[in-house]
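Sequence order for the protein chains is A and B. Residue 45 is where the first sequence starts when you use the numbering used here, and the numbers rise one by one after that. Residue 40 is where the second sequence starts when you use the numbering used here, and the numbers rise one by one after that. One structure is given here, and the rest of the page talks about it.
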Amino acid sequence: MQARRYVLGLTIATILVSIVFASVFVYYPGIVQVSPVRPPIIFTEGSNSNQRDLNGATITTTIDSTNTSASIALHPTYQRTYYRDVLRIKNQDSEVYYVKVNVVSTITGGNIVSAKIHVYSGAVKVGEIDLLTTGLQPDNWITLNGGEELRIDFEFRYATTGGSPDTAPSGSGTISLELVYSTVNNETPP
Amino acid sequence: MLSFSNSFHAGVFVSYPLIAQITPSPPPVVLTVLNSPLIPSNLTKISSFTIYWSDFEQVSPDWSARGGSWSVVSNGHKGSGLNGTDNDGGIGGASQYYLNMPLDSYTELYVGVKIGYARAGFVGIALINDGLNRLYEIAINPTGSRARLTIYSWRVENPNGWRLLASSPYFPYTPQWVTLIIRYRNLKDSIHISLKAYSESGVLLASISASSTSPNRFPATYVALHIDGRAAVFDDFVLSTRNPANLTVTGLPPFAYIQVYDVNGSLVGEASADVNGEASISVVADLVTGVGDGGVLIITSDDASCPLRTTIPIIGGEEYLVSNIQAFDGFADPTGTAATIFFFANYTCSRLGIIQLNLVSTEEFHVRLTLEYLEATGEVTFIIRLESSDTSSDPIVVVNGGIISPYTSTMSLQEGSLSIVVGELFYRNAYRAELFIEICLSNGSVCVFYPLVLNGIGGGGP
Numbered sequence: 045m046q047a048r049r050y051v052l053g054l055t056i057a058t059i060l061v062s063i064v065f066a067s068v069f070v071y072y073p074g075i076v077q078v079s080p081v082r083p084p085i086i087f088t089e090g091s092n093s094n095q096r097d098l099n100g101a102t103i104t105t106t107i108d109s110t111n112t113s114a115s116i117a118l119h120p121t122y123q124r125t126y127y128r129d130v131l132r133i134k135n136q137d138s139e140v141y142y143v144k145v146n147v148v149s150t151i152t153g154g155n156i157v158s159a160k161i162h163v164y165s166g167a168v169k170v171g172e173i174d175l176l177t178t179g180l181q182p183d184n185w186i187t188l189n190g191g192e193e194l195r196i197d198f199e200f201r202y203a204t205t206g207g208s209p210d211t212a213p214s215g216s217g218t219i220s221l222e223l224v225y226s227t228v229n230n231e232t233p234p
Numbered sequence: 040m041l042s043f044s045n046s047f048h049a050g051v052f053v054s055y056p057l058i059a060q061i062t063p064s065p066p067p068v069v070l071t072v073l074n075s076p077l078i079p080s081n082l083t084k085i086s087s088f089t090i091y092w093s094d095f096e097q098v099s100p101d102w103s104a105r106g107g108s109w110s111v112v113s114n115g116h117k118g119s120g121l122n123g124t125d126n127d128g129g130i131g132g133a134s135q136y137y138l139n140m141p142l143d144s145y146t147e148l149y150v151g152v153k154i155g156y157a158r159a160g161f162v163g164i165a166l167i168n169d170g171l172n173r174l175y176e177i178a179i180n181p182t183g184s185r186a187r188l189t190i191y192s193w194r195v196e197n198p199n200g201w202r203l204l205a206s207s208p209y210f211p212y213t214p215q216w217v218t219l220i221i222r223y224r225n226l227k228d229s230i231h232i233s234l235k236a237y238s239e240s241g242v243l244l245a246s247i248s249a250s251s252t253s254p255n256r257f258p259a260t261y262v263a264l265h266i267d268g269r270a271a272v273f274d275d276f277v278l279s280t281r282n283p284a285n286l287t288v289t290g291l292p293p294f295a296y297i298q299v300y301d302v303n304g305s306l307v308g309e310a311s312a313d314v315n316g317e318a319s320i321s322v323v324a325d326l327v328t329g330v331g332d333g334g335v336l337i338i339t340s341d342d343a344s345c346p347l348r349t350t351i352p353i354i355g356g357e358e359y360l361v362s363n364i365q366a367f368d369g370f371a372d373p374t375g376t377a378a379t380i381f382f383f384a385n386y387t388c389s390r391l392g393i394i395q396l397n398l399v400s401t402e403e404f405h406v407r408l409t410l411e412y413l414e415a416t417g418e419v420t421f422i423i424r425l426e427s428s429d430t431s432s433d434p435i436v437v438v439n440g441g442i443i444s445p446y447t448s449t450m451s452l453q454e455g456s457l458s459i460v461v462g463e464l465f466y467r468n469a470y471r472a473e474l475f476i477e478i479c480l481s482n483g484s485v486c487v488f489y490p491l492v493l494n495g496i497g498g499g500g501p
């Protein structure tokens, strides 16, 4: 009789311990409806995309099939070289978006003194990006209204130190950028 | 609830990759600074052939009358002149107005004079002996619509009267300003006199010469204005040991073209320089340029015309030296993409090429200049433009320190070169002008900008 009491007690204790340490999983119905949309902001060619560059080269503007990435090849020379309208950023939505450019990596060394992007909305300059300084620029978001587009100009300055009329200035390389846009203009992107 | 609200208002951030591949290239256009020409800066007289000159702007005590009435009148050749009216009261029954300056020491002389309003009689120059009682009359003798040149002696060949020594054929004549050039030589066995007459436009009308071998011949002691019958006006009198019909200018660029103007802009004479930069200019139209108050020399060389204003009298027969200075100096950047120029003096020539833009690619470019900044403590005036071999741009214009037009028009550079040309540069104090040369591919896809700095030092004016 005593033994049976011990067995019963152990059984009850085991059940109680099991109840205390077991996880509880509760499931409520929740639905994330993912519906990819066409990109509201796209790259398009400017009037001088793929036009003549200096010394027989071409201002090569390559835009992928989705118009969401672009690559530009430019061939500046000494002093100041200005490329007008080599790329455009188009808002094909009816809503307003806000635009910045993130300079991810840039050129260092050589004769390069400055490199800039000038952003125009029509004839009005609405933004300037220093391509030799990494980070998100400009400080204020550039407004891109529905259906409108922005014109992208590039400007370079190269010093003449050690140069000659027959040689190109030093300071070549790749500047990696990100076009960042948002539906709001009061937050910093993560 | 708060969390839900944040989610509701959170922005959407999207990023696209954008790559810029930069491959610098050599400059498509290279500039060079041109060599500065020498520009005329001053005119000096380097000879002393003139014994005496007068433009008869006022009565002078240097002269004395032997008969006649003599007065300064306003209707001279440029300014005033000396009117003489014969009264038969002078030597030989004529009238003389002689220069009170003995000339016995000279064995050779030239006399130049302009004569106007002569309609009759004998009008010209008299060479008179020291006793003032014998003379040689060297004259023009108008008669109606024609005239002739004559050389007479009085009480030489004919002890008691006139003797004609030489006479030219008659030539057509209307009253005008005639220039007489007389050469007198006292030779061993004779007195030799020659006379040339030029029309108002400088055309030779006639010439004669005569020798006086009479024992009564005399060395000229006095030279006189002479009139026998009627009246005339004399002007531009030059007494010289060199022919006053021409003057010599040295210090010119080889083969330069030179023009002499009076201060009122009337052309006096013009000529081309030889390989040594020396020009002989006929000034029979105005033996004393203007009224003896200087003039303006226009010197044209290498397509540039430079005016040189002088206030010294420009007298026929004399030699003048043009002094020149370097207009500018400058240097280009070793890459040929920038330049700095220093101007040393005002530059009033028609054009001064300072820089050449040389195309080194096969593309067509459009070029223009822009004046970006001007710093001047005093007045500064200049124009700058682009030039090709056959045309030029509209200029940048700065007047009295004010920028009237900051841009040139655009010019095409497809082959060869363009020049940057400065003109009408005048400044009183140092200045600095910063420009850039805008060079764009013809389709406007890319532009390069070269800096150009102009500095004005020295120079200046009163």
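C-beta atoms are modelled at their ideal positions from N, C-alpha and C, and glycine is treated no differently. In this text, all values refer to a predicted model and were calculated from it rather than measured experimentally.
Residues of chain B whose Cβ lies closer than 8 Å to the Cβ of residue 92 of chain A are, in chain order, 482, 483, 484 and 485. In this structure the stretch 290–298 of chain B does not lie against the stretch 163–173 of chain B, because fewer than three pairs of beta carbons, one per stretch, are closer than 8 Å. Checking the DSSP bridge columns, you'll see residue 192 of chain B partnered with B:175 and B:202.
Residue contact with chain A for residue 310 of chain B: absent (no Cβ-Cβ distance below 9 Å to any residue of chain A). Taking C-beta atoms as the reference points, residue 209 of chain A and residue 65 of chain B count as a pair closer than 9 Å.
Residue 320 of chain B and residue 309 of chain B have their C-alpha atoms roughly 6 Å apart. Under the Cβ criterion (8 Å, minimum of three pairs), the stretch 74–90 of chain B does not count as touching the stretch 229–242 of chain B. Annotation: residue 443 of chain B to residue 436 of chain B spans about 5 Å, alpha carbon to alpha carbon. Of the residues assessed, residue 371 of chain B falls on the buried side of the cut-off, its CB having 16 or more other CB atoms within 10 angstroms. Taking a cut-off of 8 Å on C-beta distances, the stretch 147–155 of chain A touches the stretch 207–225 of chain A, as three or more cross pairs fall below it. A contact between stretches requires three or more CB pairs, one per stretch, nearer than 8 Å, and the stretch 191–199 of chain B fails this requirement with the stretch 211–227 of chain B. Residue environment for residue 69 of chain A: exposed (fewer than 16 other C-beta atoms within 10 angstroms of its C-beta).
Closer than 9 Å to the CB of residue 73 of chain A there is not a single CB belonging to chain B. Boundaries of the beta strand (DSSP E) around residue 162 of chain A: 156–165. Taking one beta carbon from each stretch, the stretch 302–317 of chain B and the stretch 173–192 of chain B have fewer than 3 pairs nearer than 8 Å; the two do not touch.
B:288 is the residue among B:288, B:163 and B:446 whose C-alpha sits nearest the C-alpha of residue 85 of chain B. Against residue 78 of chain A, chain B offers no close residue; the least beta-carbon distance is about 13 Å (beta-carbon pairs closer than 9 Å). DSSP, reduced to helix, strand and coil, places residue 98 of chain A within a helical segment of the structure shown. Taking a Cβ-Cβ threshold of 7 Å, none of the residues of chain B is close to residue 181 of chain A; the smallest such distance is about 13 Å. Secondary-structure assignment with DSSP links residue 453 of chain B through no beta bridge to anything. Each of B:291, B:267 and B:263 was checked against the Cα of residue 278 of chain B, and the nearest Cα belongs to B:263. Boundaries of the beta strand (DSSP E) harbouring residue 77 of chain B: 77–84, taken from the DSSP string. Per the Cβ contact rule, the stretch 101–114 of chain B is not in contact with the stretch 241–257 of chain B (fewer than 3 Cβ pairs under 8 Å). Sequence-distant Cβ neighbours of residue 331 of chain B in its own chain, meaning closer than 6 Å and more than five residues away, are 94 and 352. The residues 471, in chain order, have a CB closer than 6 Å to that of residue 414 of chain B in the same chain once the five nearest residues on each side in sequence are set aside.
The stretch 123–134 of chain A and the stretch 477–494 of chain B touch, with no fewer than 3 CB-CB distances between them shorter than 8 Å.
Using a 10 angstroms sphere on the CB of residue 166 of chain A, the tally of other CB atoms stays under 16, which defines it as exposed. Fewer than three beta-carbon pairs drawn from the stretch 387–394 of chain B and the stretch 52–59 of chain B are found closer than 8 Å, and the two stretches are therefore not classed as touching. Burial state of residue 181 of chain B is buried, judged by a 10 Å Cβ sphere holding 16 or more other Cβ atoms. For residue 60 of chain B, the beta-bridge partners assigned by DSSP are A:117 and A:218. With respect to chain A, the C-beta atom of residue 446 of chain B has no partner C-beta closer than 9 Å. Under the Cβ criterion of 9 Å, residue 162 of chain A is not counted among the residues facing chain B.
Leaving aside the five residues that flank residue 131 of chain B on each side, the residues in its chain whose CB is nearer than 6 Å to its CB run, in chain order, 193.
Not flagged as an interface residue toward chain A: residue 458 of chain B, since no C-beta distance is shorter than 9 Å. At a cut-off of 9 Å between beta-carbon atoms, residue 396 of chain B makes no contact with chain A.
Burial of residue 359 of chain B is indicated by the presence of at least 16 other C-beta atoms within 10 angstroms of its C-beta.
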